[in-house]
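First up is the structure itself, then whatever we jot down about it.
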Amino acid sequence: MSTVLLLSTPHYIESGDCGYCHDQKENYLGIPTLPQEANPPKSCTHITIGTFAHQMGTYDYSKFVNRGFRRLGRFLYKGDMLRGCCRMYTIRTNIDYLKFTKSHRKILNRFNRELNGITTDTSKGHVGLKLRDLIEIEANCGGKFYTRFELSGFTREKFELYKKYQVKVHNDDPDEVSEGQFKSFLCDTPFLDEEIEGTPEQWRVLNNWIHLQPSERKKHGRVGPTHECYYLDGKLIAISVLDFLPCGLSSVYFIWDPDYAHLSLGTLLGLREILMCNELGLGDYYLGYYIEDCIKMKYKGNFGGEILDVCNEAFIPLASVKDFMADGRFFTAAPKDSISAIKEPELKLERDPIRWDFPVVNVTQQMYGNSEIYKDAVTHSNTLIDRYKLPTPLLPNVLPGAVPMATLLNWVEAGEVGPHSPVTVLTKFGRVKEIKLKNLDARFQCSYLDMLRLFGLDVLRDAIIVHQ
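Okay, so the sequence shown: first residue is 1 according to full-length UniProt numbering, each after it adds one.
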């Protein structure tokens with residue numbers, strides 16, 4: 001599927017203000033021993049690699065999500081897994097991975113009691129509620145509880161709940177929680193107009209799926225950004241900010257009313273969305289980022305699932321790699337029976353990630369603790385400079401999840417990209433022009449090479465780059 005992808009040049013942002021660890025980590029690097037050739041920061045540093053997507057389709061964003069990116073409004077971002085203070089792993093799950101626990105059952109029982117006044121017998125030997133009972137609990141509550149799918153737009157009611165949540169749950173300064181922030185982060189999107197607006201039939205099916213026959217539920221056809229608003233006794237108590245994507249359902253953010261903390265809304269609605277993915281045939285449920293040593297992000301592991309190994313473009317069961325991430329460390333895996341030499345993966349970013357469901361070992365220290373990898377990358381970078389008169393990219397020469405310098409050099413040597421390559425740019429005068437890479441300023445050339453490493457050739461060939 002081809003859409004107009006309009007991107008700004010990327011930024012590598014180093015900050016002493018991490019919202020996850022608050023810059024308090026003593027062991028903040030991705031591996032225990034990171035060579036000096038990797039240029040590790042001397043203190044705990046939050047690192048964001050990001051760019052603004054001014055326009056993209058859901059098909060494009062599916063690719064980015066499966067390469068470790070997330071969006072906040074129009075901002076696409078990921079972390080530096082080696083040098084940043086907190087490892088942010090893409091996590092996804094589905095109903096097959098979910099282990100419905102006694103704790104989950106208690107939450108459903110409490111919800112049933114709130115809606116219908118019914119307490120399920122939890123005595124020994126009694127079969128309690130199951131996940132699919134959520135459908136009946138909602139369907140039989142007489143409208144006391146309902147949800148409404150709608151456009152991801154601003155309303156005063158939504159903003160007031162967002163502000164209450166940020167202040168009481170995340171301890172934000174009330175004066176810093178603004179309407180502009182809410183609109184920018186959770187309402188604005190880069191998606192196409194037709195994806196944003198949807199069709200009446202899409203909204204009809206989504207807003208009635210609980211009451212539809214199973215065969216009818218999968219006919220929604222929705223792709224695009226959506227707010228699902230949760231109401232109890234006519235009051236807005238939660239908002240789930242979602243992206244319906246070709247690859248699955250992506251959870252952007254979740255807001256809930258602290259006055260209803262007794263309902264464990266975060267867990268309850270996570271369970272509900274996993275169930276919804278199954279009932280509507282949405283595919284996998286993407287929960288955003290998983291951070292092993294952050295209590296605010298680690299809970300996502302309670303839903304089971306898979307973790308993205310960005311170096312191998314592979315999703316691996318969480319249970320197989322959980323120990324690899326202990327103490328907030330970075331991991332990349334290899335098949336357990338692999339006897340190949342440990343070297344930087346030949347990443348090209350040309351395919352969707354695959355599933356690895358076989359035994360794996362952690363090879364991170366052997367790979368990224370090896371100073372020769374960094375020396376080789378410098379050699380490849382110098383070849384680009386000396387032989388092909390291309391500038392040095394601004395991103396680190398070795399960056400997990402990015403195309404290696406060796407691959408970038410191979411592309412240049414094979415004529416896939418080079419000084420004479422045409423680049424489609426949006427000029428500061430609002431004109432779209434095709435310009436040879438060598439005729440653009442050095443700073444833009446650096447950024448373009450960085451974008452090749454972050455997104456791959458297939459994305460950049462069809463993209464328009466903002467040049468200002």
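Where a beta carbon is used, it is the ideal one built from N, C-alpha and C, also for glycine.
If you count every other CB in all the chains shown that lies within 10 Å of the CB of residue i, and 16 or more means buried, which is it?
| i | result |
| --- | --- |
| ASP233 | exposed |
| PHE358 | exposed |
| THR93 | buried |
| GLN202 | buried |
| PHE429 | exposed |
| GLY125 | Caution applies to GLY125, whose pLDDT of 46 falls short of 50 and renders its modelled position unreliable; the value that the coordinates give is listed next. So GLY125 counts as exposed. |
| ASP17 | exposed |
| HIS220 | buried |
| VAL361 | exposed |
| PRO353 | buried |
| GLY288 | buried |
| GLU336 | Sequence check: residue 336 is Lys here, not Glu. Label assigned to LYS336: exposed. |
| ALA261 | exposed |
| ASP450 | buried |
| GLY281 | exposed |
| ASN312 | buried |
| ARG355 | exposed |
| THR199 | exposed |
Note down, in chain order, each residue of its chain lying with its Cβ closer than 8 Å to the Cβ of residue i, except the 5 sequence neighbours on either side.
| i | result |
| --- | --- |
| PHE330 | GLY30, ILE31, MET81, LEU82, ARG87, THR364, TYR368, PRO400 |
| ILE291 | TYR20, CYS86, ARG87, MET88, TYR89, MET297, LYS298, GLY328 |
| GLN445 | LEU390, PRO391, LEU437, LYS438 |
| SER264 | ILE107, ARG110 |
| HIS420 | LYS436, LEU437, LYS438 |
| TYR448 | THR9, VAL423, LEU437, LEU440, LEU460, ILE465 |
Might you give, ordered along the chain, the residues of its own chain that have their beta carbon closer than 7 Å to the beta carbon of residue i, omitting 5 neighbours on each side?
| i | result |
| --- | --- |
| ASP293 | ASP327, GLY328 |
| LYS99 | GLY304 |
| LEU76 | GLY50, THR51, ALA53, PHE64, PHE69 |
| ASN39 | PRO396 |
| LYS102 | none |
| ASN140 | ASN116 |
| TYR388 | VAL412, GLY418, PRO419 |
| ALA334 | VAL360, VAL361, VAL363 |
For residue i, I'd like the list of residues in its chain whose CB is within less than 6 Å of its CB, leaving aside the five on either flank, ordered along the chain.
| i | result |
| --- | --- |
| LEU390 | LEU384 |
| VAL127 | Note that VAL127 scores a pLDDT of 46, beneath 50, so its modelled location is shaky; the value from the coordinates is reported in the next line. Cβ within range, chain order: n/a, list empty. |
| LYS300 | ILE91, LEU287, TYR290 |
| MET1 | In this predicted model, MET1 has a pLDDT of only 47, less than 50, meaning its place in the structure is not dependable; the value taken from the coordinates is given anyway. The answer, listed in chain order, is TYR59. |
| PHE154 | LYS183, CYS187 |
Per DSSP, what kind of secondary structure is residue i in: helix, strand or coil?
| i | result |
| --- | --- |
| GLU346 | coil |
| HIS126 | With a pLDDT of 45 at HIS126, under the threshold of 50, the modelled position of that residue is not reliable, and the figure given next carries that caveat. Residue state, collapsed to three classes: coil. |
| LEU24 | Just to set this straight, residue 24 is Gln in the shown sequence, not Leu. Coil at GLN24, not helix or strand. |
| GLU150 | strand |
| TRP209 | helix |
| GLN55 | strand |
| LEU29 | coil |
| LYS235 | strand |
| THR267 | helix |
| residue 473 | Since the first residue of the chain shown is 1 and the last is 468, residue 473 is not available in this structure. |
| ILE255 | strand |
| THR392 | coil |
| LEU384 | helix |
| TYR162 | helix |
| THR90 | strand |
| MET1 | In this predicted model, MET1 has a pLDDT of only 47, less than 50, meaning its place in the structure is not dependable enough to derive any value. |
| LEU115 | helix |
Name, in chain order, the residues that DSSP records as bridge partners for residue i.
| i | result |
| --- | --- |
| ASN362 | ALA333 |
| ASP175 | According to DSSP, ASP175 bridges with nothing at all. |
| LYS102 | Paired residues: none, contrary to the question. |
| HIS46 | SER15 |
| ILE435 | VAL423 |
| PRO225 | ASP243 |
| ALA317 | What sits at residue 317 in the sequence shown is Pro, not Ala. Answer by DSSP bridge pairing, in chain order: GLU306. |
| residue 469 | In the structure as shown, the chain starts at 1 and stops at 468, and residue 469 therefore has no counterpart that could be examined. |
| VAL466 | LEU426 |
| LEU72 | PHE75 |
| PHE145 | LEU232 |
Is the beta carbon of residue i less than 7 Å from the beta carbon of residue j?
| i | j | result |
| --- | --- | --- |
| CYS229 | ARG113 | no |
| LEU129 | LEU108 | yes |
| GLY224 | PHE244 | yes |
| SER371 | GLU37 | yes |
| GLY117 | ASP188 | no |
| VAL432 | LEU426 | yes |
| ARG453 | ALA402 | yes |
| GLU279 | ARG217 | yes |
| ILE307 | ILE316 | yes |
| VAL177 | LYS163 | yes |
| TYR285 | LEU242 | no |
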